[in-house]
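Trainee:
Protein chains: 2
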Amino acid sequence: MTATLDLDAAFGALADPTRRAMVQRLARGPATVGELAEPFDLTLQAVSKHLTVLTRAGLVERDREAQRRPARLCGPALAGLTEWLLDFRTHVTEGYERLDELLAHDPPPSPSAQRSRRSR
Amino acid sequence: MTATLDLDAAFGALADPTRRAMVQRLARGPATVGELAEPFDLTLQAVSKHLTVLTRAGLVERDREAQRRPARLCGPALAGLTEWLLDFRTHVTEGYERLDELLAHDPPPSPSAQRSRRSR
DNA sequence: CGGTTGCTCAACCATTAGGTTGATTAAAGC
DNA sequence: GCTTTAATCAACCTAATGGTTGAGCAACCG
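Protein chains in written order, with the numbering used here: chain A, 1 to 120; chain B, 121 to 240.
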């Protein structure tokens, strides 16, 4: 749907507290690398790297404005992630009712099939 | 609430495709390590490790049933994750309207006060 | 009892991740 | 034109990941 949402990259990106904080910061509006770096006592380079990770995960996009390269949030990936989780929760409830008390969610709409994966 | 939901661990756990697949598999019901390992051509040990990761992330719980140690999904962490994402999206929309087109979501219901987080 | 089944523990290995310092590019600002 | 500002590139280090093999433990099977 969002085309190629890389769940590996997206989840991975959010697995880091610094990155999560940056994302939350960006939720308030675009920011330059320097601005993003400020609260973290990390080098600019480190922050730049984090930004790269977030960008490759599709969570942020970069602009170019004079010498500055402000970053701004990129919604779809976030939406995609949320969707995956919600969708997953739906799958959980379907055919495995015991869980609806755990997840406290609504009844399953339809069956589906799913298959494995090859890794690394 | 879910007390200490470790976002680092939880997002991190889901950042791996094998682990995600295992979680999806578990969504259909508890499974032993062997059963979980089967589709992946990995050693049992590797799968066992993944299970440990998932367990530490609070995503699964282990039982003990003779020599078997079946794993089953543990809803709250999943729910917590989803909540974080949804909550975050809410933060995004509030006070930064440009994003509602990005996130393609519903209009913000009301202003509210909710503020950041400290990490690391 | 001895063997098999189901799994974990331990040691190890290769790759990646998060961070650093140092050098370099690129656009402004006198 | 040189210097400052903003950021990236490059090399490097350390620690964590994802995987392996091999040994060990616990419970059941005959």
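Each residue gets a CB set at the ideal place from its N, CA and C atoms; glycine is no exception.
(1) With a 10 Å radius around its C-beta and 16 neighbouring C-beta atoms as the bar for buried, classify B:Ala-186 as buried or exposed.
(2) From the beta carbon of A:Pro-17, is the nearest beta carbon of chain B less than 8 Å away?
(3) If you draw a straight line from the C-alpha of B:Glu-158 to the C-alpha of B:Ala-166, how long is it?
(4) Is A:Val-60 closer than 8 Å to A:Ser-48 when the C-beta atoms are compared?
(5) DSSP state of B:Arg-209, grouped into three classes?
(6) Anyone know if the C-beta pair for A:Leu-85 and B:Leu-205 falls short of 8 Å?
(7) Nearest to B:Arg-140 by CA position, among B:Glu-203, B:Leu-171, B:Pro-190 and B:Gly-200, is which residue?
(8) Could you list which residues in chain A have their beta carbon closer than 7 Å to that of B:Gly-132, in chain order?
(9) Please list, in chain order, the chain B residues whose beta carbon lies closer than 9 Å to that of A:Arg-89.
(10) Helix, strand or coil for B:Asp-136 per DSSP?
(11) Straight-line CA distance for B:Arg-145 to A:Glu-35?
(12) Which residues in chain B have a C-beta closer than 8 Å to the C-beta of A:Asp-8? List them in chain order.
(13) Where does A:Ala-79 sit, in a helix, a strand or coil, going by DSSP?
(14) Using a Cβ cut-off of 7 Å, pull out every chain B residue sitting near A:Leu-54, in sequence order please.
(15) Using a Cβ-Cβ distance under 8 Å, would B:Leu-205 count as near chain A?
(16) When you compare the CB of B:Arg-182 with every CB in chain A, is at least one pair closer than 8 Å?
(17) Between A:Pro-30 and B:Met-142, what straight-line distance do the alpha-carbon atoms span, to the nearest angstrom?
(18) Check B:Leu-125 in the structure and name its three-state DSSP category.
Mentor: With the given structure in hand:
(1) Here residue 186 of chain B corresponds to residue number 66 of the second sequence, with the count starting at 1. By the 10 Å Cβ count, B:Ala-186 comes out exposed.
(2) Here residue 17 of chain A is taken as the residue at index 17 of the first sequence, counted from 1. Yes - at least one Cβ of chain B is within 8 Å of the one on A:Pro-17.
(3) Here the question's residue 158 of chain B lines up with position 38 in the second sequence. Here the question's residue 166 of chain B lines up with position 46 in the second sequence. Straight-line Cα distance between these residues: approximately 12 Å.
(4) Numbered from its first residue, the first sequence carries residue 48 of chain A at position 48. Numbered from its first residue, the first sequence carries residue 60 of chain A at position 60. Result no, Cβ atoms of A:Ser-48 and A:Val-60 do not sit closer than 8 Å.
(5) Working through the second sequence from its first residue, we reach residue 209 of chain B at position 89. Note: B:Arg-209 maps to helix in three-state DSSP.
(6) Your numbering for residue 85 of chain A matches position 85 in the first sequence. Your numbering for residue 205 of chain B matches position 85 in the second sequence. The answer is yes: Cβ separation under 8 Å.
(7) For the purposes of this step, residue 140 of chain B is taken as the residue at position 20 of the second sequence. Of B:Glu-203, B:Leu-171, B:Pro-190 and B:Gly-200, the residue nearest in Cα terms is B:Leu-171.
(8) In the second sequence, counting from the first residue as 1, residue 132 of chain B sits at position 12. Ala-15, listed in chain order.
(9) Here the question's residue 89 of chain A lines up with position 89 in the first sequence. What A:Arg-89 touches in chain B: Ala-147, Gly-195, Leu-198, Ala-199 and Thr-202.
(10) Residue 136 of chain B sits at position 16 when you count from the first residue of the second sequence. Here B:Asp-136 sits in coil by DSSP.
(11) Numbered from 1 along the second sequence, position 25 holds the residue referred to as residue 145 of chain B. Numbered from 1 along the first sequence, position 35 holds the residue referred to as residue 35 of chain A. If I take the Cα positions, the gap works out to 42 Å.
(12) In the first sequence, counting from the first residue as 1, residue 8 of chain A sits at position 8. Correct list: Ala-135, Asp-136 and Pro-137.
(13) Locating residue 79 of chain A in the first sequence gives position 79, where the first residue counts as 1. Looking at A:Ala-79 - three-state DSSP - the assignment turns out to be helix.
(14) By 1-based counting over the first sequence, the position of residue 54 of chain A is 54. Simply none; closest approach about 13 Å.
(15) Reading the second sequence from its first residue, position 85 is the one you call residue 205 of chain B. With 8 Å as the cut-off, B:Leu-205 counts as an interface residue toward chain A.
(16) Walking along the second sequence from the start, residue 182 of chain B turns up at place 62. Chain A, which has no Cβ nearer than 8 Å to the Cβ of B:Arg-182, makes this no.
(17) Against the first sequence, residue 30 of chain A aligns to sequence position 30. Against the second sequence, residue 142 of chain B aligns to sequence position 22. Spanning the two alpha carbons is a distance of roughly 37 Å.
(18) One-based indexing of the second sequence puts residue 125 of chain B at position 5. Here B:Leu-125 sits in coil by DSSP.
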